[in-house]
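Asks: Quick note on the working numbering: the sequence shown kicks off at 150 and runs consecutively.
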Amino acid sequence: MRSKRFIAMAMVSMMALSMTACGGKTEEPATTEPAAETPAETPDAEPAADAAEDTADAAADAAGAGGNIGVCIYKFDDAFMTTYRNALQEILEGKGYTVTFMDGKNDQAEQNNQINNFIAQEVDALIINPVMTSAADQIITTVKDAGIPTVLINREPTAEQMAAYDKLVYVGCDARQSGTMQGELILDTENKGDINGDGKISYIMIQGDPENVDAQYRTEFSVKALTDAGMEVEELDLQRGDWDRNKGQEIAQNDLAKFGDEIEVVFCNNDDMAIGALQAIQAAGRKVNEDIYLVGVDALDAALNEVANGNMTGTVLNDAQGQAQGAVDAMEALLGGATYASGEQSIYVDYVKVTPENVADFQ
Ligand code: BGC
């Protein structure tokens, strides 16, 4: 469904089958069947979209014959991006590409050098997880000047920024959806998050890196889901945990010491921070789903286990596999000659709510 949606948006040029953009290697791909991994259920797909998809698929197959791909990750030491990186590696290598991954070490200057090095090495395409969303303009100018087809992932620039280059696509998720789902997980509990029955939901918010739109939207929309449902809310604390487990643990520990039983809900913008918060919750003698609720985002393996064990109220699948597949599909469409019109350069993969009832489907 995902690749169909994005390919339908691609404006595929008839020159797509030219392989000049892919000057690299000639080894046979181990597999060239991305469609097998994407369910064929798009009831709303239109014939024109199907035609565009067929052309894009053909282009993608042609481009899949190999090539040198540079991948820049904002930092390797990020739990979710590690899962995502592994998925990318498996898909790209499985298709016969030669892939080099670079660790940006959370340093934009370092990542800029890595991008320039990839350009000097004349890679066929780039997949970039920017360190700073605010650096998007500079990154886009650089890859455009070099004429390298580029897929941005995980940290979304604005549509206006992307419009500068028609061989550029963003593949990610709409973070508003994940925030809303976190709020819904709380609304689905027996007391709608109001454990002490005082008529309001008292929460702490452990935020990711606030420079990242995922952190901004998850923070906003998780609470908005509660207020939209008519609930009163009280924010006891909001602090940045920078997506990091240790920071999640520290913030939760301090807040539990300060606010004690007042805290009914712990919202974490991601699972790694939620796992840290859980350590603090357990150390404070609190019991998730009995006297406190805890939700994250990502569906990391560790979080799925805690949801299954009743130690997390729920999480939201941030589909690393689906996004990696979408990124590779988009890259291949670009390699095949596709260009993307302004306003059609963002490709979204859906989030999915994970609860004790359906967690087994994700493990
Ligand atoms: C994930 C976080 C991750 C961040 C990195 C988010 O979408 O939920 O776990 O740290 O991306 O940018």
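In this text, a Cβ means the ideal position worked out from N, Cα and C, and glycines have one as well.
Could you say if the segment 448-461 and the segment 475-489 meet the contact criterion of at least three C-beta pairs nearer than 8 Å?
Replies: No, because fewer than three Cβ pairs between the segment 448-461 and the segment 475-489 fall closer than 8 Å, the two stretches do not touch.
Asks: So residue 449 and residue 229 are in contact, right, with Cβ under 8 Å, and what is the actual spacing, rounded?
Replies: Position 300 of the sequence shown holds residue 449. Position 80 of the sequence shown holds residue 229. So it is a contact: roughly 7 Å between Cβ atoms.
Asks: Can you tell which of 348, 226, 364 and 357 has its C-alpha closest to the C-alpha of residue 379?
Replies: Residue mapping note: residue 379 aligns to position 230 of the sequence shown, counting from 1. The shortest Cα separation from residue 379 among 348, 226, 364 and 357 belongs to 348.
Asks: Find the nearest neighbour of residue 493 within the set 345, 330 and 479, judged by alpha-carbon distance.
Replies: In the sequence shown, counting from the first residue as 1, residue 493 sits at position 344. Ranking 345, 330 and 479 by Cα distance to residue 493 puts 479 first.
Asks: In terms of residues, what are the limits of the beta strand (DSSP E) holding residue 325?
Replies: Here the question's residue 325 lines up with position 176 in the sequence shown. Here residue 325 belongs to no beta strand (DSSP E); instead the alpha helix (DSSP H) covers 324-336.
Asks: For residue 469, is the beta carbon positioned less than 7 Å from some heavy atom of ligand 1?
Replies: Numbered from its first residue, the sequence shown carries residue 469 at position 320. Incorrect: residue 469 has no Cβ contact closer than 7 Å to ligand 1.
Asks: Is the number of C-beta pairs between the segment 407-416 and the segment 314-324 that are closer than 8 Å three or more?
Replies: The segment 407-416, when compared against the segment 314-324, does not touch it at the 8 Å Cβ threshold.
Asks: Who are the Cβ neighbours of residue 353 in its own chain at under 6 Å, not counting the five residues just before and after it?
Replies: Taking the sequence shown and counting its residues from 1, one reaches residue 353 at position 204. Correct list, in chain order: 385, 386, 404, 412 and 415.
Asks: Which value, in whole angstroms, describes the spacing of the CA atoms of residue 402 and residue 440?
Replies: The residue given as residue 402 occupies position 253 in the sequence shown. The residue given as residue 440 occupies position 291 in the sequence shown. One C-alpha to the other measures close to 16 Å.
Asks: What do you reckon, is the C-beta of residue 446 under 7 Å from a heavy atom of ligand 1?
Replies: In the sequence shown, the residue the question calls residue 446 occupies position 297. Under cutoff, so the answer is yes.
Asks: I'd like to know if the segment 330-348 and the segment 302-312 are in contact, where contact means that at least 3 CB-CB pairs between them fall below 8 Å.
Replies: In short, these stretches do not touch, since the Cβ pair count stays below three.
Asks: Count the other CB atoms within 10 Å of the CB of residue 290; is the residue buried (16 or more) or exposed (fewer)?
Replies: By one-based count along the sequence shown, residue 290 stands at place 141. Exposed, by the Cβ-count rule.
Asks: Span of the alpha helix (DSSP H) holding residue 228?
Replies: Here the question's residue 228 lines up with position 79 in the sequence shown. Run containing residue 228: 228-243, per the alpha helix (DSSP H) assignment.
Asks: Cα separation between residue 340 and residue 469?
Replies: Locating residue 340 in the sequence shown gives position 191, where the first residue counts as 1. Locating residue 469 in the sequence shown gives position 320, where the first residue counts as 1. The straight-line gap from Cα to Cα measures roughly 32 Å.
Asks: Comparing C-alpha positions only, which one of 299, 367 and 376 sits nearest to residue 336?
Replies: Taking the first residue of the sequence shown as position 1, residue 336 is located at position 187. Closest option to residue 336, Cα to Cα, is 376.
Asks: Apart from the five residues on each side of it in sequence, which residues of its chain come closer than 6 Å, Cβ to Cβ, to residue 451?
Replies: Looking up residue 451 in the sequence shown gives position 302. Result list for residue 451: 424, in chain order.
Asks: Would you mind sorting residue 279 into buried or exposed? The rule is 16 or more other CB atoms within 10 Å of its CB.
Replies: Taking the sequence shown and counting its residues from 1, the one referred to as residue 279 is at position 130. Under this definition residue 279 is a buried residue.
Asks: Following the continuous alpha helix (DSSP H) through residue 533, name the residue where it begins and the one where it ends.
Replies: Residue 533 lies beyond the residue range present for the chain, which begins at 150 and ends at 512; the question has no answer from this structure.
Asks: Is the CB-CB distance between residue 328 and residue 367 below 8 Å?
Replies: Working through the sequence shown from its first residue, we reach residue 328 at position 179. Working through the sequence shown from its first residue, we reach residue 367 at position 218. Contact flag set, yes.
Asks: Does residue 263 pass the burial test, meaning 16 or more other C-beta atoms within 10 Å, or should it be called exposed?
Replies: As a working mapping, residue 263 is identified with position 114 in the sequence shown. Residue 263 should be labelled buried.
Asks: Under the three-state reduction of DSSP, which class applies to residue 297: helix, strand or coil?
Replies: Within the sequence shown, the letter at position 148 stands for residue 297. Three-state DSSP puts residue 297 in coil, outside helix and strand.
Asks: Can you find the residues in the same chain that come closer than 6 Å, C-beta to C-beta, to residue 501, ignoring five residues on each side of it along the sequence?
Replies: Taking the first residue of the sequence shown as position 1, residue 501 is located at position 352. Result list for residue 501: 466, in chain order.
Asks: If residue 437 sits next to residue 462, beta carbons under 8 Å apart, how far is it from one beta carbon to the other, in whole angstroms?
Replies: Position 288 of the sequence shown, counted from the start, is the residue given in the question as residue 437. Position 313 of the sequence shown, counted from the start, is the residue given in the question as residue 462. Correct: roughly 6 Å between the Cβ atoms.
Asks: Using alpha carbons as the reference points, say which of 253, 217, 426 and 238 lies closest to residue 224.
Replies: Residue mapping note: residue 224 aligns to position 75 of the sequence shown, counting from 1. When each option's Cα is compared against that of residue 224, the closest is 253.
Asks: Which of helix, strand or coil does DSSP assign to residue 278?
Replies: Within the sequence shown, numbered from 1, the residue matching residue 278 stands at position 129. DSSP places residue 278 in coil when its eight states are reduced to three.
Asks: Note down, in chain order, each residue of its chain lying with its Cβ closer than 6 Å to the Cβ of residue 383, except the 5 sequence neighbours on either side.
Replies: Reading the sequence shown from its first residue, position 234 is the one you call residue 383. Closer than 6 Å at the Cβ level, and outside the excluded window around residue 383, lie 349 and 351.
Asks: Per DSSP, what are the beta-bridge partners of residue 425 in this structure?
Replies: Indexing the sequence shown from 1 puts residue 425 at position 276. DSSP output for residue 425 lists no bridge partner at all.
Asks: To the nearest angstrom, how far is it from the Cα of residue 505 to the Cα of residue 334?
Replies: Locating residue 505 in the sequence shown gives position 356, counting from the first residue. Locating residue 334 in the sequence shown gives position 185, counting from the first residue. Taking the straight line from one Cα to the other gives about 11 Å.
Asks: Residue 371 and residue 434 look like a contact to me (Cβ under 8 Å); what is the Cβ gap, rounded to whole Å?
Replies: For the purposes of this step, residue 371 is identified with residue 222 of the sequence shown, where counting begins at 1. For the purposes of this step, residue 434 is identified with residue 285 of the sequence shown, where counting begins at 1. So it is not a contact: roughly 26 Å between Cβ atoms.
Asks: Would you say residue 360 and residue 282 are within 8 Å of each other, going by their C-beta atoms?
Replies: Translated into positions along the sequence shown, residue 360 becomes position 211. Translated into positions along the sequence shown, residue 282 becomes position 133. The answer is yes: Cβ separation under 8 Å.
Asks: Using C-beta distances below 7 Å, list every residue in its chain close to residue 272, excluding the 5 sequence neighbours before and after it, in chain order.
Replies: Start at 1 with the first residue of the sequence shown, and residue 272 comes out as number 123. Closer than 7 Å at the Cβ level, and outside the excluded window around residue 272, lie 217, 218, 219 and 297.
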